[in-house]
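Engineer:
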Amino acid sequence: MWCVAKQAKEGINVSDTHPLAEAGALVAGLAAIFVAIALLLIFMVELAMYFMSTDDEAKLFANWLPDNLISVSHTDDRLRETQLLVDRLALHWPETSYQFRVEIDGSELSNAMALPGGLIIVTQGLLDQVESENELAFVLGHELGHFKNRDHLRALGRGVILTVFFAVVTGNDVTAIGLTAADLTLRRFTRQQETNADEFGLAIVHAEYGHINEAWRLFERWEIADNAFLDLVTYLSTHPQTGDRIADMRSLAREKGWRTDGEIAPLSW
Ligand SMILES: [Zn+2]
10 MWCVAKQAKE GINVSDTHPL AEAGALVAGL AAIFVAIALL LIFMVELAMY FMSTDDEAKL
70 FANWLPDNLI SVSHTDDRLR ETQLLVDRLA LHWPETSYQF RVEIDGSELS NAMALPGGLI
130 IVTQGLLDQV ESENELAFVL GHELGHFKNR DHLRALGRGV ILTVFFAVVT GNDVTAIGLT
190 AADLTLRRFT RQQETNADEF GLAIVHAEYG HINEAWRLFE RWEIADNAFL DLVTYLSTHP
250 QTGDRIADMR SLAREKGWRT DGEIAPLSW
């Protein structure tokens with residue numbers, strides 16, 4: 010008998026599922042894996058923080074500076090004065106075991122940041138803009154607030170979390186790794202972290218001066234500055250809207266009964 014081969018049905022190797030649906034499932038699967046990895050990394054940071062005391066953190070990052078820092082001379086007046094101001098403010102937080110180190114970055118862009126190990130970086134651009142010690146004290150006090158809540162560790166970029174985690178586990182320091190400030194500040198602080206840092210900073214300013222006059226005057230000037238000027242204020246890209254912050258701080262001051270008038274301390278340079 011002749012056997013006639015049945016012609017293969019077209020598309021026999023293709024499953025019944027629509028190709029787009031399959032691609033969708035693949036994307037969803039990959040996304041789930043990425044989310045799982047991200048959560049695992051976040052968990053590892055929390056774990057590292059649990060095991061890493063502030064002392065360990067200070068030791069780990071003791072000599073570390075961001076690779077891309079444009080340092081100013083170590084005899085710079087503003088560097089010395091800013092360090093002295095941080096030291097004075099930190100006296101109002103006696104329980105801390107951080108030894109705060111100030112570095113000035115030569116950038117024209119205004120910014121300030123808290124980095125692991127008690128390192129506070131302020132830019133020349135920011136120092137050019139502050140008009141009183143009270144204004145600078147609040148910016149610095151706010152950064153101290155991030156250390157208080159150890160936000161700076163939660164801000165570590167995901168790429169460096171593993172590196173830092175293994176440095177913690179093996180007890181090495183991180184000086185040789187070549188991290189930039191951006192590696193360490195990849196994740197923006199949340200609004201809640203910023204509010205907590207503002208509250209801490211304002212309390213420190215109040216403890217230092219007995220009032221909070223001019224604490225946020227720098228932000229008020231930014232509120233009315235033009236866009237060309239604000240392009241140079243990178244602080245605003247990492248912090249919440251200044252108007253909201255000022256409103257929150259005003260109501261905090263009212264609630265606490267803090268004086269909003271009082272003598273302004275001039276800058277010491
Ligand atoms: Zn902040």
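Quick note, our numbering runs 9 ahead of the 1-based positions in the sequence shown.
We treat Cβ as the ideally placed atom computed from N, Cα and C, and that holds for glycine.
1. Measure the alpha-carbon distance for arginine 200 versus valine 139 and round it to whole angstroms.
2. Along the chain, where does the beta strand (DSSP E) containing glutamate 112 start, and where does it finish?
3. Which residues in the same chain as leucine 94 place their Cβ atom closer than 7 Å to its Cβ, once the five residues preceding and following it in sequence are excluded?
4. What beta strand (DSSP E) runs, 3 residues minimum, are completely inside the segment 66-149?
5. Within 8 Å: the Cβ of histidine 248 and any heavy atom of ligand 1?
6. Compute the beta-carbon to beta-carbon distance between asparagine 205 and asparagine 158, rounded to the nearest angstrom, for a pair I have assumed lies under 8 Å.
7. Hey, would you say glutamine 133 sits closer than 9 Å to phenylalanine 109, going by beta carbons?
8. My guess is that leucine 227 and leucine 153 are in contact by the Cβ rule of under 8 Å, so how many angstroms apart are they, rounded?
9. I need the straight-line Cα distance from leucine 261 to leucine 39, nearest angstrom please.
10. Between histidine 155 and glutamine 202, what straight-line distance do the alpha-carbon atoms span, to the nearest angstrom?
11. Under a CB-based cut-off of 9 Å, is threonine 26 close to chain D?
12. If I'm right that tyrosine 244 touches alanine 121 with Cβ under 8 Å, what's the distance once you round it to whole angstroms?
13. Figure out for me which residue from Ala45, Thr251 and Thr179 has the closest Cα to the Cα of isoleucine 233.
14. Which first and last residues belong to the alpha helix (DSSP H) in which histidine 215 is found?
15. For a test of the three-state rule: what should DSSP assign to histidine 248, helix, strand or coil?
16. Using the beta-carbon count (16 or more within 10 Å), is phenylalanine 289 buried or exposed?
17. Quick check on the DSSP output: the alpha helix (DSSP H) that includes arginine 163 runs from which residue to which?
18. Please report how far the alpha carbon of leucine 78 lies from the alpha carbon of methionine 61, in whole angstroms.
19. So the alpha helix (DSSP H) tryptophan 231 belongs to, where does it begin and stop?
Structural biologist: Working from what's here:
1. When rounded, the distance between both Cα atoms is 24 Å.
2. It spans 110-114 - the beta strand (DSSP E) in which glutamate 112 sits, taken as one unbroken run.
3. The answer, listed in chain order, is Glu142, Leu145, Ala146 and Leu149.
4. The qualifying runs are 110-114, 121-124 and 128-132.
5. Because some heavy atom of ligand 1 lies under 8 Å away, the Cβ of histidine 248 counts as near it: yes.
6. Beta-carbon to beta-carbon, asparagine 205 and asparagine 158 are separated by about 6 Å, close enough to satisfy the 8 Å threshold.
7. Annotated as distal: glutamine 133 and phenylalanine 109, with beta-carbon spacing of 9 Å or more.
8. Not a contact, Cβ separation roughly 17 Å.
9. About 45 Å.
10. The alpha-carbon atoms of histidine 155 and glutamine 202 are separated by roughly 7 Å.
11. The structure shown has no chain D; it contains just one protein chain.
12. Yes, they are in contact, since the Cβ atoms of tyrosine 244 and alanine 121 sit about 6 Å apart, within 8 Å.
13. Proximity to isoleucine 233 across Ala45, Thr251 and Thr179 peaks at Thr251, based on C-alpha coordinates.
14. Boundaries of the alpha helix (DSSP H) around histidine 215: 200-218.
15. Residue state, collapsed to three classes: coil.
16. Summary: the structure shown does not reach residue 289, with the chain confined to residues 10 through 278, and so no result is reported for it.
17. Per DSSP, the continuous alpha helix (DSSP H) segment holding arginine 163 begins and ends at 160-163.
18. About 26 Å.
19. Run containing tryptophan 231: 226-233, per the alpha helix (DSSP H) assignment.
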